[in-house]
Amino acid sequence: MKLLQAVIAVATLGLGALIIVAVADGSFFEAGNWLFSEPWGLVTLADLYLGFLLSALVIWFFEPRPLHALLWILPIPVLGNLWTAVWFIIRLPLLRERMARR
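As numbered in my numbering, residues 703 to 804 make up the sequence shown, in order.
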């Protein structure tokens, strides 16, 4: 389990580094214009936000307290899968344990 958590953490750090490089490039609005103007850009955004929704559902059904679930879910549209990955790193052992009971 620790290995999987470490792999997710490394992937999360890699994604964070890519975001920093992209932000430093300074072409955020230019990239956004492209995303909204191209069919594959729209597909990419739809795929991204479907993933956010599915992650939010997993968190909602897993977290025992609705307030805790909301505190994890609400930042997802802004922080993206970096935030989701942090949740998985923290909750992975408990998630595995609960799934093994079924």
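Cβ coordinates follow ideal geometry from the N, Cα and C atoms, glycine included. Since the model is a prediction, treat every value here as computed from it, not as a measurement.
Indicate the three-state DSSP secondary structure (helix, strand or coil) for P744 in the structure shown. It is Leu, not Pro, that sits at residue 744 in the sequence shown. If DSSP states are grouped into helix, strand and coil, L744 belongs with the helices.
Element boundaries [alpha helix (DSSP H), containing S739]: 730–739
Where does the unbroken alpha helix (DSSP H) through R835 begin, and where does it stop? The chain is shown from 703 up to 804; residue 835 falls before or after that span and cannot be answered.
For my contact list, F790 and I710 are in at a C-beta cut-off of 8 Å; report their separation, rounded to the angstrom. 6 Å
How about the segment 755–763 and the segment 724–744: do they share at least three Cβ pairs that are nearer than 8 Å? no
Report, in whole angstroms, the separation of the C-beta atoms of F764 and R793, which I expect to be a contact under 8 Å. 7 Å
Helix, strand or coil: which one does DSSP assign to P766? coil
Throw me the rounded Cβ distance for the I718 and L776 pair, which I believe falls under 8 Å. Looking at the sequence shown, residue 718 is not Ile but Gly. No, G718 and L776 are not in contact; Cβ-Cβ is about 20 Å, not under 8 Å.
DSSP state of L776, grouped into three classes? coil
Determine the burial state of W774: buried for a count of at least 16 other Cβ atoms within 10 Å of its Cβ, exposed for fewer. buried
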